[in-house]
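Data first, discussion second: the structure below is written as structure tokens.
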Amino acid sequence: MEQIFQTPPPSGLKWQAVESLIRALGGEIKEGSGSRVRFLLRGKIARFHRPHPSPDTDKGAVVNLREWLESIGVDPYE
Numbered sequence: 001m002e003q004i005f006q007t008p009p010p011s012g013l014k015w016q017a018v019e020s021l022i023r024a025l026g027g028e029i030k031e032g033s034g035s036r037v038r039f040l041l042r043g044k045i046a047r048f049h050r051p052h053p054s055p056d057t058d059k060g061a062v063v064n065l066r067e068w069l070e071s072i073g074v075d076p077y078e
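Numbering (the UniProt record's numbering), first residue to last: 1 to 78.
Right, dumping it as structure tokens:
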């Protein structure tokens with residue numbers, strides 16, 4: 001989780017690590033069409049596109065993920 005909250009956002013964060021974090025926090029992952037994916041955590045939904053062909057999450061998606069996690073009260077230091 002520390003990588004997601006780094007400033008500036010990291011490059012090379014693997015998408016699998018993002019999905020593992022959502023599950024570890026008690027969230028659900030719902031598959032959409034194509035590369036679309038929805039995260040459901042604490043009653044809130046976030047929509048993302050799974051990166052392809054590279055498994056690396058781009059910096060913009062990391063920032064969006066961090067902002068969403070902050071908005072639902074996820075504390076990286078808990």
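Beta carbons: idealized from backbone N, C-alpha and C, even for Gly.
As the structure is a computational prediction, the values presented were derived from the model and not from experiment.
{"Check": "Count the other CB atoms, across all protein chains shown, that sit within 10 Å of the CB of T57; report buried if there are 16 or more and exposed otherwise.", "Outcome": "buried"}
{"Check": "Pull up the DSSP beta-bridge partners for T57, would you.", "Outcome": "L13"}
{"Check": "Indicate whether the contact test is met: 3 or more Cβ pairs, each with one atom in the stretch 43 to 62 and one in the stretch 6 to 25, closer than 8 Å.", "Outcome": "yes"}
{"Check": "Which residue or residues does DSSP assign as beta-bridge partners of H49?", "Outcome": "R36"}
{"Check": "Can you tell which of S71, G73, R66 has its C-alpha closest to the C-alpha of E2?", "Outcome": "R66"}
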